[in-house]
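Under this note's numbering, the first residue of the sequence shown carries the number 66, and numbering increases by one thereafter. Quick notes on the structure that follows.
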Amino acid sequence: MQTLNTTLLIIGGGPGGYVAAIRAGQLGISTILVEGQALGGTCLNIGCIPSKALIHVAEQFHQTRHHSQGSALGISVSAPTLDIGKSVEWKDGIVDRLTTGVAALLKKHKVQVIHGWAKVIDGKTVEVGDSRIQCEHLLLATGSKSVELPMLPIGGPIISSTEALAPTSVPKHLVVVGGGYIGLELGIAYRKLGAEVSVVEAQERILPAYDGELTQPVHEALKQLGVKLYLKHSVEGFDAQASTLQVRDPNGDTLNLDTDRVLVAVGRKPNTLGWNLEALNLAMNGSAVKIDSRCQTSMRNVWAIGDLSGEPMLAHRAMAQGEMVAELIAGQHREFNPTAIAAVCFTDPEVVVVGTTPDEAKAAGLDCIVSSFPFAANGRAMTLESKSGFVRVVARRDNHLIVGWQAVGVGVSELSTAFGQSLEMGARLEDIAGTIHAHPTLGEAVQEAALRALGHALHL
Numbered sequence: 066m067q068t069l070n071t072t073l074l075i076i077g078g079g080p081g082g083y084v085a086a087i088r089a090g091q092l093g094i095s096t097i098l099v100e101g102q103a104l105g106g107t108c109l110n111i112g113c114i115p116s117k118a119l120i121h122v123a124e125q126f127h128q129t130r131h132h133s134q135g136s137a138l139g140i141s142v143s144a145p146t147l148d149i150g151k152s153v154e155w156k157d158g159i160v161d162r163l164t165t166g167v168a169a170l171l172k173k174h175k176v177q178v179i180h181g182w183a184k185v186i187d188g189k190t191v192e193v194g195d196s197r198i199q200c201e202h203l204l205l206a207t208g209s210k211s212v213e214l215p216m217l218p219i220g221g222p223i224i225s226s227t228e229a230l231a232p233t234s235v236p237k238h239l240v241v242v243g244g245g246y247i248g249l250e251l252g253i254a255y256r257k258l259g260a261e262v263s264v265v266e267a268q269e270r271i272l273p274a275y276d277g278e279l280t281q282p283v284h285e286a287l288k289q290l291g292v293k294l295y296l297k298h299s300v301e302g303f304d305a306q307a308s309t310l311q312v313r314d315p316n317g318d319t320l321n322l323d324t325d326r327v328l329v330a331v332g333r334k335p336n337t338l339g340w341n342l343e344a345l346n347l348a349m350n351g352s353a354v355k356i357d358s359r360c361q362t363s364m365r366n367v368w369a370i371g372d373l374s375g376e377p378m379l380a381h382r383a384m385a386q387g388e389m390v391a392e393l394i395a396g397q398h399r400e401f402n403p404t405a406i407a408a409v410c411f412t413d414p415e416v417v418v419v420g421t422t423p424d425e426a427k428a429a430g431l432d433c434i435v436s437s438f439p440f441a442a443n444g445r446a447m448t449l450e451s452k453s454g455f456v457r458v459v460a461r462r463d464n465h466l467i468v469g470w471q472a473v474g475v476g477v478s479e480l481s482t483a484f485g486q487s488l489e490m491g492a493r494l495e496d497i498a499g500t501i502h503a504h505p506t507l508g509e510a511v512q513e514a515a516l517r518a519l520g521h522a523l524h525l
């Protein structure tokens, strides 16, 4: 067995791990990155990027089919057909370009990449195949994996998001188990690709992690698309012979839902099994590795970032943590204390939450002004044929300090950066209201929400 020595050893080549490796390389830190599958992790290969690609394909197909049935825009086309194989090939091309780019960046910054499955021996030793790696710092970035349901084991017609993102055909009827962001993003995409879609959710409404006012436009859009919702329904099992999913309704009665495929999308959990993490006996926070404000675990010079360290399980959180850990190892003084981390749901319409919501402000005893501006009064939204949704601001009443932004509507994911910047820079309502926003843009609704909070919206 050969022995390698390095300053920093990173287990996991997802967004957190590869960013940490790149930054460490920039800082001159000897770094080895171990990855058992493709570089880029879940996000680049079977998550964020491929799902947005499939969503784009679905939207283009949906719009073309809409134009074939008569359009107010004066566009007329023949009924479209879909070659899902070519769609997947296009999606895979994007993934390949991005993962190849990550590999090139790691090579550029002299990071040694070892492809294989890591086995932790102790806090300074890891084995990968016939290699033993000794390190001064061990960074754990193994991410998360889909939660499975005992009564719906993945296989055959029962699929996870991984299989849903690489379809060989579009099912006639898809049942999605889970009304959170993953289930709804993929459910809407499949509906636009032509499948009949039903969503089964145990809670009383979709996207239960968000407030009802914010999710109402999504609920309405689902109804317009013809997606069937089974709220407050629990799953009992799947009958493979009859090809039906058994669910229990709020009254305790059993329903049989006909389906070709069942997508299980009930959340994700930290990936702690299969690489001998238990050898370190680290302090845990539930199912996640417990970390402090510097991403240090309970063992000296052992760090953990991203989904492995729990919520929020977001790629951009992992990236920021990875960058910070590399700088800490280089001797810089850093802490992970962002004012807010944007959460984006790529449904149609999109949903963005940054910072404190009205309900959270109330629960914390904060006296806040809550003001929203509807996209129905925004010219750019009208030209995009999407007038549903709004931008909402939450600000302290005493000094007008903005503590939160929320939005639902077409393309609002692109507003998340402005929301985050305003919170990080300590902006007040007057700062946003007094900033000239380009016309015509969706961003004008941001300014108008602040103006309305001050009592003088101009276009409402």
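Using N, Cα and C, we set each Cβ at its ideal position, and we do this for glycine too.
Same chain, Cβ closer than 8 angstroms to P315, five either side skipped, listed in chain order: Residue numbering aside, residue 315 sits at position 250 when the sequence shown is read from its first letter. Hits under 8 angstroms: K297 and H298.
Nearest-angstrom Cβ-Cβ length linking A518 and A460, presumed shorter than 8 angstroms: In the sequence shown, residue 518 corresponds to position 453, counting from 1. In the sequence shown, residue 460 corresponds to position 395, counting from 1. The beta-carbon distance between A518 and A460, rounded to whole angstroms, is 6 angstroms. This is short enough to meet the 8 angstroms contact definition.
Per-residue burial, W470 [other beta carbons within 10 Å of its own, 16 or more giving buried]: In the sequence shown, counting from the first residue as 1, residue 470 sits at position 405. The C-beta of W470 has 16 or more other C-beta atoms within 10 Å across all chains shown, which makes the residue buried.
S437 (DSSP reduced to helix, strand or coil): The residue labelled residue 437 in the question sits at position 372 within the sequence shown. S437 falls in the strand class under three-state DSSP.
Segment limits, beta strand (DSSP E) that includes E301: To locate residue 301, count along the sequence shown from 1; it is residue 236. Counting along the chain, the beta strand (DSSP E) containing E301 begins and ends at S299 to D304.
Straight-line Cα distance separating E266 from S352: Translated into the one-based positions of the sequence shown, residue 352 becomes position 287. Translated into the one-based positions of the sequence shown, residue 266 becomes position 201. In this structure, the alpha-carbon of S352 lies about 23 angstroms from that of E266.
Proximity of L239 and R326 at Cβ, strictly below 8 angstroms: Numbered from its first residue, the sequence shown carries residue 239 at position 174. Numbered from its first residue, the sequence shown carries residue 326 at position 261. Result yes, Cβ atoms of L239 and R326 sit closer than 8 angstroms.
Residues bridged to G469 [DSSP beta-bridge criterion]: The count along the sequence shown starts at 1 and reaches residue 469 at position 404. Here G469 is bridged, per DSSP, to G420 and V459.
Beta-carbon proximity of K210 to K334, cut-off 8 angstroms: Locating residue 210 in the sequence shown gives position 145, counting from the first residue. Locating residue 334 in the sequence shown gives position 269, counting from the first residue. Cβ distance < 8 angstroms, so K210 and K334 count as in contact.
Helix, strand or coil at N341 [DSSP, three-state]: Here residue 341 refers to the residue found at position 276 of the sequence shown. It is coil, neither helix nor strand.
Backbone CA spacing between I114 and Y83 [nearest angstrom]: Here residue 114 is taken as the residue at index 49 of the sequence shown, counted from 1. Here residue 83 is taken as the residue at index 18 of the sequence shown, counted from 1. About 16 angstroms.
Between the CA atoms of Y275 and L147 - distance to the nearest angstrom: What you label residue 147 is simply residue 82 of the sequence shown in a count that begins at 1. What you label residue 275 is simply residue 210 of the sequence shown in a count that begins at 1. If I take the Cα positions, the gap works out to 34 angstroms.
At least three beta-carbon pairs within less than 8 angstroms, the stretch 409-416 to the stretch 361-373: Touching, no, given that fewer than three Cβ pairs across the two stretches are closer than 8 angstroms.
Simplified DSSP assignment, three categories, for K334: Looking up residue 334 in the sequence shown gives position 269. In the three-state DSSP reduction, K334 falls in the strand class (E or B).
Coarse secondary structure for M384, derived from DSSP in three states: Within the sequence shown, the letter at position 319 stands for residue 384. Residue state, collapsed to three classes: helix.
Distance CB(G77)-CB(G105) smaller than 8 angstroms: Position 12 of the sequence shown, counting from 1, holds the residue named residue 77. Position 40 of the sequence shown, counting from 1, holds the residue named residue 105. Going by C-beta atoms, G77 is not nearer than 8 angstroms to G105.
L328 beta carbon less than 8 angstroms from that of G248: By 1-based counting over the sequence shown, the position of residue 248 is 183. By 1-based counting over the sequence shown, the position of residue 328 is 263. Yes, the Cβ-Cβ distance between G248 and L328 is below 8 angstroms.
Which of helix, strand or coil DSSP assigns to H238: Taking the sequence shown and counting its residues from 1, one reaches residue 238 at position 173. Correct three-state label for H238: strand.
Which residues DSSP lists as bridging N70, in chain order: Stepping through the sequence shown from its first residue, residue 70 is reached at position 5. In the DSSP assignment, N70 is bridged to Q199.
Nearest to G339 (by Cα), restricted to the options L251, A395 and G208: Within the sequence shown, numbered from 1, the residue matching residue 339 stands at position 274. Ranking L251, A395 and G208 by CA distance to the CA of G339 puts G208 first.
Nearest neighbour of E479, chosen from L507, L488, T500 and V167 [CA to CA]: Position 414 of the sequence shown, counting from 1, holds the residue named residue 479. A check of alpha carbon separations from E479 across L507, L488, T500 and V167 identifies L507 as the nearest.
Straight-line gap, H132 to G499 (C-alpha atoms, nearest Å): For this step, residue 132 is matched to residue 67 along the sequence shown. For this step, residue 499 is matched to residue 434 along the sequence shown. Straight-line spacing of the CA atoms in H132 and G499 works out to 41 angstroms.
Same chain, Cβ closer than 6 angstroms to L272, five either side skipped, listed in chain order: Counted from its first residue, the sequence shown places residue 272 at position 207. If we look at L272 and ignore the five residues flanking it on each side, its Cβ neighbours are T280.
Residues of its chain near S358, where Cβ-Cβ distance is below 7 angstroms and the 5 sequence neighbours each way are ignored: Residue 358 sits at position 293 when you count from the first residue of the sequence shown. Cβ neighbours of S358 beyond the five flanking positions: E400, F401 and N402.
Beta-carbon separation (whole angstroms), F303 vs L393, contact threshold 8 angstroms: Taking the sequence shown and counting its residues from 1, the one referred to as residue 303 is at position 238. Taking the sequence shown and counting its residues from 1, the one referred to as residue 393 is at position 328. The beta-carbon separation of F303 and L393, rounded to 48 angstroms, does not stay under the 8 angstroms limit for a contact.
Other residues of its chain near G252: CB distance less than 6 angstroms, five sequence neighbours each side excluded: To locate residue 252, count along the sequence shown from 1; it is residue 187. Taken in chain order, the residues that qualify are V241, V262 and V264.
For G220: DSSP bridge partner residues: Position 155 of the sequence shown holds residue 220. According to DSSP, G220 bridges with I223.
Spatially closest choice to N70 from A86, T96 and H504, by CA coordinates: Along the sequence shown, read from residue 1 onward, the residue named residue 70 stands at position 5. Looking at the Cα atoms, T96 is the closest of the given residues.
T319 versus E154 - alpha carbon distance: Walking along the sequence shown from the start, residue 319 turns up at place 254. Walking along the sequence shown from the start, residue 154 turns up at place 89. Answer to the nearest angstrom: the Cα atoms are 40 angstroms apart.
Own chain partners of V435 with C-beta closer than 6 angstroms, once the 5 adjacent residues on each side are dropped: In the sequence shown, residue 435 corresponds to position 370, counting from 1. Within the same chain, V435 has close Cβ partners P423 and V459.
Contact check, R445 vs I467, beta carbons under 8 angstroms: For the purposes of this step, residue 445 is identified with residue 380 of the sequence shown, where counting begins at 1. For the purposes of this step, residue 467 is identified with residue 402 of the sequence shown, where counting begins at 1. The beta carbons of R445 and I467 sit no closer together than 8 angstroms.
K293 - partner residues in DSSP beta bridges: Within the sequence shown, numbered from 1, the residue matching residue 293 stands at position 228. Partner residues in the beta bridge of K293, as assigned by DSSP, are S263.
Cβ neighbour criterion (16 or more within 10 Å) applied to V142: Indexing the sequence shown from 1 puts residue 142 at position 77. By the neighbour-count definition (other C-beta atoms within 10 Å, threshold 16), V142 is an exposed residue.
CA-to-CA distance, N341 to V193, given in whole angstroms: Walking along the sequence shown from the start, residue 193 turns up at place 128. Walking along the sequence shown from the start, residue 341 turns up at place 276. So the alpha carbons of these two residues sit roughly 12 angstroms apart.
V409 in three-state terms, based on DSSP: What you label residue 409 is simply residue 344 of the sequence shown in a count that begins at 1. In this structure, V409 counts as strand in the three-state DSSP scheme.
For W155, three-class secondary structure by DSSP: Within the sequence shown, the letter at position 90 stands for residue 155. Reduced to three states, the DSSP call for W155 is helix.
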